[in-house]
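Trainee: Numbered according to our numbering, the sequence shown terminates at residue 483, and the numbering increases by one at each position without gaps.
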Amino acid sequence: MQGDEKNLNRVYLDFHSTTPVDPRVLERMLPYFSEKFGNAASGSHAFGWEAAQAVEFARKRVAELAGAGAREIVFTSGATESNNLAIKGACGAAKKPGHLITMSTEHKAVLDPVRRMEAAGWRVTVLEPGGDGLLDVGRLGEAMREDTALVSVMYANNEIGVVQPVREIGALCRERGVLFHCDAVQGFGKMPVNVEADGIDLMSVTAHKIYGPKGVGALYVRRGPKGAPRLAAQMDGGGHEFGMRPGTLNVPGIVGFGEAAAICGREMEEEGARVAKLRDRLRERLVGELDEVRVNGSMEQRLPGNLNMSFAGVDAEALLMSLPEIALSTGSACSSATVETSHVLRAIGLAEHWVRGAVRFGLGRMTTEEEIEYAAGRVVEAVRRLRRLSPVFEG
Ligand SMILES: Cc1ncc(COP(=O)(O)O)c(C=O)c1O
């Protein structure tokens, strides 16, 4: 981590899983736990007004980073909830079940709600990516039908970091009059996401991937001249958040989300360039010093902080266990409660031995050059050691 007293006994390279709260974000949040503790829905006194004002300021800041209007932002508990609200909400508001399109490489927080809708009578098409992880937009067009109500495709993949052709998808959906939902969790704050230019109708984002707190997110819901897409609220209990998400607002969390978004807006470009350079250095060392490795997913259309690599003859779990001081991930950390090999790596057509040897490196705001040199050296050493133990790589 950043700072003078560099501690290489703990190197964090798992920024796709979560990020630390930026100290500037924490500072903003703190007063809202104690002094400014009001309920943003208390409309009859100054404690409530103060909280409501802070929420509205944060709403503007989150909206700004998305290129949206403040009234288009619905605060939620995180992107899992936002995805559920978008998908189940859009289906729930339809008169009868229709057709949904998504991709096999989506996060489970999209795939599971889609499967739930399928069980409720919706027809579902799951598109496969190419070997580079990207969607062929022509194939999306072919999959669209008369009754297609919603397309849900993520902005950037949480495992292999590939960035989908969102703008083309948005344009196609617009042309066909189909709602476009985008899980933009990994791209938001790292890339210039813009709901207008990208043609997005519904977009899920979360604070804890952009140096904000856990447990707060948002769903962008377009409000065009003809009104917003109809969404059925997934909870009952009050008219908060434009009737779409009841419950007392998490004011400190929302304030933190707003600050985190504002910082990303200001620093994203410079930070992205710095992080991409470190990522490229890591790749260069691993590819240069080891044989039989591969990079998974497109290197061109990729998040600045992502590197996903497979090491032949190595079990990634064993590799991670031999590097306890470095925080890395094998499949998606978000689903590490269930032991199964990555559905994303299988979807891009990787042979089983490459899937078993895949490691995700997630770099972020606090990653330093020193950490990257250290991690590269340790990974090279560990891969060589594990290969010496493997009969195939003997000698
Ligand atoms: C692409 C993607 N979507 C959704 C989520 C879930 O977000 P949250 O943790 O805010 O529920 C994650 C990560 O956890 C993610 O990477």
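Backbone N, C-alpha and C define an ideal beta-carbon position, used for all residues, glycine too. Computed from a predicted structure; not experimentally measured.
Classify Ala361 as buried or exposed, calling it buried when 16 or more other Cβ atoms lie within 10 Å of its own Cβ.
Mentor: Exposed: under 16 other Cβ atoms inside 10 Å.
Trainee: Looking at the structure shown, is His133 part of a helix, part of a strand, or coil, going by DSSP?
Mentor: Coil, per DSSP.
Trainee: Evaluate Ser292 with the Cβ neighbour count: other Cβ atoms within 10 Å of its Cβ, from every protein chain shown; 16 or more gives buried, anything less gives exposed.
Mentor: Per the 10 Å Cβ criterion, buried.
Trainee: Is the beta carbon of Ala237 closer than 8 Å to that of Ala178?
Mentor: A contact, by the Cβ cut-off of 8 Å.
Trainee: Under 8 Å between the Cβ atoms of Gly385 and Ile342?
Mentor: No, these two residues do not count as a Cβ contact at 8 Å.
Trainee: Could you tell me if Pro392 is buried or exposed, where buried requires 16 or more neighbouring beta carbons within 10 angstroms of its beta carbon?
Mentor: Buried, by the Cβ-count rule.
Trainee: What's the C-alpha gap between Gly331 and Ala321?
Mentor: Gly331 and Ala321: Cα-Cα distance of roughly 7 Å.
Trainee: Mind checking who Val383 pairs with in its DSSP beta bridge?
Mentor: Bridge partners of Val383: Met397.
Trainee: In or out: Glu263 buried (at least 16 other Cβ within 10 Å) or exposed?
Mentor: It is exposed - the Cβ of Glu263 has fewer than 16 other Cβ atoms within 10 Å.
Trainee: Given a cut-off of 8 Å, decide if Met191 and Val484 are closer than it, judged by their beta-carbon atoms.
Mentor: No statement about residue 484 is possible, as the shown extent of the chain runs from 89 to 483 and does not include it.
Trainee: Between Pro317, Asn282, Gln274, Glu284, which lies nearest to Gly305 when the distance is taken from Cα to Cα?
Mentor: Selected option, being the one with the closest Cα: Gln274.
Trainee: My output table needs one value for Phe145: the three-state DSSP class, helix, strand or coil.
Mentor: If DSSP states are grouped into helix, strand and coil, Phe145 belongs with the helices.
Trainee: Could you give the DSSP three-state label for Ile288: helix, strand or coil?
Mentor: In this structure, Ile288 counts as coil in the three-state DSSP scheme.
Trainee: Mark Leu477 as exposed unless 16 or more other C-beta atoms lie within 10 angstroms of its C-beta, in which case mark it buried.
Mentor: With fewer than 16 Cβ atoms within 10 Å of its Cβ, Leu477 is classed as exposed.
Trainee: Just checking Thr168 against ligand 1 - is the residue's beta carbon closer than 7 Å to any of the ligand's heavy atoms?
Mentor: Yes.
Trainee: So, at 6 Å on beta carbons, what are the nonlocal neighbours of Pro479 in its own chain, with the 5 sequence-adjacent residues on each side left out?
Mentor: Same-chain partners within the cutoff: there are none.
Trainee: Measuring only from the beta carbon, is Asp102 closer than 7 Å to any heavy atom that is part of ligand 1?
Mentor: No, the Cβ of Asp102 stays beyond 7 Å of every heavy atom of ligand 1.
Trainee: Locate the beta strand (DSSP E) running through Gly353, then write down its first and last residues.
Mentor: Run containing Gly353: none in the beta strand (DSSP E); it sits in the alpha helix (DSSP H), 339 to 377.
Trainee: For Glu413, count the other beta carbons within 10 Å of its own beta carbon; 16 or more makes it buried, fewer makes it exposed. Which is it?
Mentor: Exposed: under 16 other Cβ atoms inside 10 Å.
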